[in-house]
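Numbering follows my numbering, in which position 135 of the sequence shown is assigned residue number 135; successive positions increment by one, without gaps. Right, one structure below, let's go through it.
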Amino acid sequence: MGAELAGYGPYLGRAADGVHDPLYATALVLEQDGERLALLALDLIGVSAPLTSIIRHAVEQQCQISGDRLMVACSHTHSGPATLFLRAWGEMAPDYLALLPRHLAGVVAAAAANLQAVEVQYGAAELPGVAANRADPNGPVHEAIELVVLAGAAQPVAALSAFGCHPVTRAATNTRYSRDFVGPLVDGVSTLLDGAPTLFLQGAAGDINPVKLHQDRTDEVSAELLRGAETALSRRQSAGAPHLGMASTTLDLPLAPPSHEALAALQEQAWTMIARETTGARQKGLFDLEAAAADLDRLENGAAEVRSTELQAIRLTDQLALAGVGAEVFATFGNRIRDESPFRQTLVVGYANDLVGYIPDEAEYDRDGYAAVVVPRILDQYPFSREVGTVLTDGMAALLREPFTPIRPAPATR
Numbered sequence: 001m002g003a004e005l006a007g008y009g010p011y012l013g014r015a016a017d018g019v020h021d022p023l024y025a026t027a028l029v030l031e032q033d034g035e036r037l038a039l040l041a042l043d044l045i046g047v048s049a050p051l052t053s054i055i056r057h058a059v060e061q062q063c064q065i066s067g068d069r070l071m072v073a074c075s076h077t078h079s080g081p082a083t084l085f086l087r088a089w090g091e092m093a094p095d096y097l098a099l100l101p102r103h104l105a106g107v108v109a110a111a112a113a114n115l116q117a118v119e120v121q122y123g124a125a126e127l128p129g130v131a132a133n134r135a136d137p138n139g140p141v142h143e144a145i146e147l148v149v150l151a152g153a154a155q156p157v158a159a160l161s162a163f164g165c166h167p168v169t170r171a172a173t174n175t176r177y178s179r180d181f182v183g184p185l186v187d188g189v190s191t192l193l194d195g196a197p198t199l200f201l202q203g204a205a206g207d208i209n210p211v212k213l214h215q216d217r218t219d220e221v222s223a224e225l226l227r228g229a230e231t232a233l234s235r236r237q238s239a240g241a242p243h244l245g246m247a248s249t250t251l252d253l254p255l256a257p258p259s260h261e262a263l264a265a266l267q268e269q270a271w272t273m274i275a276r277e278t279t280g281a282r283q284k285g286l287f288d289l290e291a292a293a294a295d296l297d298r299l300e301n302g303a304a305e306v307r308s309t310e311l312q313a314i315r316l317t318d319q320l321a322l323a324g325v326g327a328e329v330f331a332t333f334g335n336r337i338r339d340e341s342p343f344r345q346t347l348v349v350g351y352a353n354d355l356v357g358y359i360p361d362e363a364e365y366d367r368d369g370y371a372a373v374v375v376p377r378i379l380d381q382y383p384f385s386r387e388v389g390t391v392l393t394d395g396m397a398a399l400l401r402e403p404f405t406p407i408r409p410a411p412a413t414r
């Protein structure tokens, strides 16, 4: 208890004082012809690339699964501890972060000790009216809930549930740990599948919110999702022949450093806000002053004008793949990734292995929106340039078309 919860707004100081529902780490280990990969689903807001590297090292040491064959996917709950730097949006808890990798490696090890032969099945169902595009009421929404079931000879062994929507049904004043709508959804799917562990994969949720937002109507939202999941399960069919593989690459995303003039104007505006009497105005002024100072320091020191991040794809069958992106991807780009993928079904997995911020569309830049302007300041980096969505989409489409490398076990360690 006491760790500050991440998300919702600046300087909220939401120190956790209880547990509404526990946060979980759930692992899936897959093996074919002696070759393995692992998928780790976490009820956290996100992970940084350095934290992912530490988790992978712990998994490699404990499980003999090569670290680069692990995907770490986060649900993006706003009712969990801060696990990466977020200026004013939640302070990290060092003690928690120090313990986390070893415990996560234990979760993967437990999954690796329980391998069973399975058939891969896929089903989906449309859920209109559950989620909405928060940036543009007429903007795209991927309304499908997708289920991948790993079916054993007698009963389901595990499942993946995928849906793209910010888990923000809890009120911004919430101070209890919660998985948000993800918890009742995965618990319900697990019950439908005779107790099979179920992993949640967040999708391209960048500009997608639940319609029932910030109202603590979590159970209503999860019930709607679960009804869709039931339909998806009833429609599931074989997803093709198992054909396990992994592909990854490092992609340089273009940044757009602000000018000295723009930062001077931001500082002047910030001082004006600080002089006002309202707490909210003063907090915004303080936030902008800190961010402007950091950007000026980057300009003076010639900081890189690209943000490198990992793209990772997992091929489950000859028809089904996961496309992992360490970002909050706007729905239009999630749709493009699916459309350009050579696979019949592609699950876009956001918040995977890294969190570099939003991948906004050009309209978000035109309106100087939160995703384009404010979030880079939260994450302590330059804003992305307008073409970042195209760069990301092209990079992932190319990765999905490349030959997938074999999944090799890590060398035994002493």
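Glycine residues also receive a C-beta, built at the ideal position from the N, C-alpha and C atoms.
- request: Determine which residues share a DSSP beta bridge with N209 and list them.
  value: Here residue 209 corresponds to residue number 209 of the sequence shown, with the count starting at 1. Residue pairing by DSSP places N209 opposite A132 in a beta bridge.
task: Could you give the DSSP three-state label for H103: helix, strand or coil?
output: Start at 1 with the first residue of the sequence shown, and residue 103 comes out as number 103. In the structure shown, H103 sits in a helix (DSSP, three-state: H, G or I).
query: Ends of the alpha helix (DSSP H) at V325?
result: Residue mapping note: residue 325 aligns to position 325 of the sequence shown, counting from 1. Counting along the chain, V325 falls outside any alpha helix (DSSP H), though it belongs to the beta strand (DSSP E) covering L320 to V325.
message: Tell me the rounded alpha-carbon separation between V107 and P360.
response: As a position in the sequence shown, residue 107 is number 107, starting the count at 1. As a position in the sequence shown, residue 360 is number 360, starting the count at 1. Cα-Cα distance, rounded: 34 Å.
query: To the nearest whole angstrom, what separates the beta carbons of A206 and E328, a pair I think is in contact under 8 Å?
result: On the sequence shown, position 206 is the one that residue 206 refers to. On the sequence shown, position 328 is the one that residue 328 refers to. First, the residue type needs correcting, since residue 206 is Gly and not Ala in the sequence shown. Right, their Cβ atoms sit about 4 Å apart.
task: Quick one: which unbroken beta strand (DSSP E) runs of 3-plus residues sit fully inside the segment 222-263? Chain order, please.
output: Secondary structure remark: continuous beta strand (DSSP E) runs of at least 3 residues inside the segment 222-263, in chain order: 242-254.
query: Helix or strand or just coil, what does DSSP make of Y358?
result: Position 358 of the sequence shown, counted from the first residue, corresponds to residue 358. Collapsing the DSSP output to three states places Y358 in a strand.
- prompt: How would you label W89, buried or exposed, when you count the other beta carbons within 10 angstroms and need 16 or more for buried?
  reply: Counted from its first residue, the sequence shown places residue 89 at position 89. It counts as buried.
query: Which residues in the same chain have their Cβ closer than 6 Å to the Cβ of L70, if we skip the five residues on either side of it in sequence?
result: Walking along the sequence shown from the start, residue 70 turns up at place 70. Hits under 6 Å: A38, R56 and V59.
query: Would you report the Cα separation of P101 and R217, rounded to the nearest angstrom?
result: The count along the sequence shown starts at 1 and reaches residue 101 at position 101. The count along the sequence shown starts at 1 and reaches residue 217 at position 217. Separation of P101 and R217 (C-alpha to C-alpha, rounded to the nearest whole angstrom) is 33 Å.
field: Straight-line gap, A135 to D219 (C-alpha atoms, nearest Å)
entry: Here residue 135 corresponds to residue number 135 of the sequence shown, with the count starting at 1. Here residue 219 corresponds to residue number 219 of the sequence shown, with the count starting at 1. CA-CA distance, A135 to D219, rounds to 25 Å.
message: Less than 7 Å between C-beta atoms, sequence neighbours within five positions excluded: which residues of the same chain meet that for F404?
response: Position 404 of the sequence shown, counted from the start, is the residue given in the question as residue 404. Answer for F404: G245, M246, A247 and R315, listed in chain order.
query: Where are the alpha helix (DSSP H) runs, 4 residues long or more, that stay fully inside the segment 289-350, in chain order?
result: Within the segment 289-350, the complete alpha helix (DSSP H) segments at least 4 residues long are 331-340, listed from N- to C-terminus.
query: With 16 other CB atoms within 10 Å as the buried threshold, where does A412 fall?
result: Residue numbering aside, residue 412 sits at position 412 when the sequence shown is read from its first letter. Per-residue confidence for A412 stands at a pLDDT of 42, beneath the threshold of 50, marking its modelled position as unreliable; the derived number appears in the next sentence. The residue in question, A412, is exposed, as its Cβ has fewer than 16 Cβ neighbours within 10 Å.
message: Using 7 Å as the threshold, is the C-beta distance between V325 and G357 below it?
response: Working through the sequence shown from its first residue, we reach residue 325 at position 325. Working through the sequence shown from its first residue, we reach residue 357 at position 357. No. Outside cutoff.
- prompt: How many Å lie between L160 and S53 at the Cα?
  reply: Position 160 of the sequence shown holds residue 160. Position 53 of the sequence shown holds residue 53. In a straight line, the C-alpha of L160 is about 23 Å away from that of S53.
query: If we ignore side chains and look at the alpha-carbon of each, how far apart do A158 and P140 end up?
result: Mapped onto the sequence shown, residue 158 falls at position 158. Mapped onto the sequence shown, residue 140 falls at position 140. Their backbone Cα atoms lie some 31 Å apart in a straight line.
message: For C63 and A27, I'd like the C-alpha separation in whole angstroms.
response: Residue mapping note: residue 63 aligns to position 63 of the sequence shown, counting from 1. Residue mapping note: residue 27 aligns to position 27 of the sequence shown, counting from 1. If I take the Cα positions, the gap works out to 12 Å.
CA-to-CA distance, Q312 to D297, given in whole angstroms: Counted from its first residue, the sequence shown places residue 297 at position 297. Counted from its first residue, the sequence shown places residue 312 at position 312. Spanning the two alpha carbons is a distance of roughly 32 Å.
For V391, three-class secondary structure by DSSP: The count along the sequence shown starts at 1 and reaches residue 391 at position 391. It is helical.
message: Quick test of the definition: if touching needs 3 or more C-beta pairs under 8 Å, does the segment 166-174 touch the segment 138-154?
response: With the rule of 3 Cβ pairs closer than 8 Å, the segment 166-174 does not count as touching the segment 138-154.
query: Which of helix, strand or coil does DSSP assign to A398?
result: For the purposes of this step, residue 398 is taken as residue 398 along the sequence shown, with counting starting at 1. A398: helix per DSSP, three-state reduction.
query: Among the residues of its own chain, which have a CB less than 8 Å from the CB of A16, if the five just before and after it don't count?
result: Your numbering for residue 16 matches position 16 in the sequence shown. The residues are M1, G2, A3, E4, L5, P81, T175, R176 and Y177.
- request: Following the continuous alpha helix (DSSP H) through I55, name the residue where it begins and the one where it ends.
  value: Residue mapping note: residue 55 aligns to position 55 of the sequence shown, counting from 1. A49 to C63 is the extent of the alpha helix (DSSP H) around I55.
Within 7 Å, strictly: CB atoms of E146 and L320: As a working note, residue 146 is residue 146 in the sequence shown. As a working note, residue 320 is residue 320 in the sequence shown. Against a cut-off of 7 Å, the Cβ pair of L320 and E146 comes out as no contact.
- prompt: For P197, is the classification buried or exposed, using 16 other Cβ atoms within 10 angstroms of its Cβ as the cut-off for buried?
  reply: Translated into the one-based positions of the sequence shown, residue 197 becomes position 197. Buried.
- prompt: Name the DSSP bridge partner or partners of V29?
  reply: Here residue 29 refers to the residue found at position 29 when the sequence shown is read from its first residue. DSSP links V29 through a beta bridge to A38.
message: For E143 and D33, I'd like the C-alpha separation in whole angstroms.
response: Reading the sequence shown from its first residue, position 143 is the one you call residue 143. Reading the sequence shown from its first residue, position 33 is the one you call residue 33. Each residue's Cα considered, the two are about 36 Å apart.
query: Using DSSP with H/G/I as helix, E/B as strand and the rest coil, what is P156?
result: In the sequence shown, counting from the first residue as 1, residue 156 sits at position 156. The three-state secondary structure of P156, taken from DSSP, is strand.
message: Closer than 8 Å is the cut-off here; do at least three beta carbon pairs connect the segment 384-392 with the segment 328-337?
response: In short, these stretches touch, since the Cβ pair count reaches three.
- prompt: Which term fits H166, buried or exposed, when burial requires 16 or more other beta carbons within 10 angstroms of its beta carbon?
  reply: The residue given as residue 166 occupies position 166 in the sequence shown. Buried.
- prompt: Is it buried or exposed for A73, if we count other Cβ within 10 angstroms and need 16 for buried?
  reply: Translated into the one-based positions of the sequence shown, residue 73 becomes position 73. Buried is the call here.
query: Exposed or buried, T250, counting other C-beta atoms within 10 Å across all chains shown (16 or more means buried)?
result: Counted from its first residue, the sequence shown places residue 250 at position 250. By the 16-neighbour rule on beta-carbons within 10 angstroms, T250 is exposed.
query: Can you tell me whether S222 is buried or exposed, with buried defined as 16 or more other CB within 10 angstroms of its CB?
result: In the sequence shown, the residue the question calls residue 222 occupies position 222. With 16 or more Cβ atoms within 10 Å of its Cβ, S222 is classed as buried.
- prompt: Relative to the alpha-carbon of T317, which residue among P242, Q155, L97 and P156 has its alpha-carbon at the smallest distance?
  reply: Locating residue 317 in the sequence shown gives position 317, where the first residue counts as 1. Of the candidates P242, Q155, L97 and P156, P242 places its Cα closest to the Cα of T317.
- prompt: Going by the CB atoms, is the gap between A270 and P383 shorter than 7 Å?
  reply: Counting from one through the sequence shown, the residue named residue 383 turns up at place 383. Counting from one through the sequence shown, the residue named residue 270 turns up at place 270. Cβ distance not < 7 Å, so P383 and A270 don't count as in contact.
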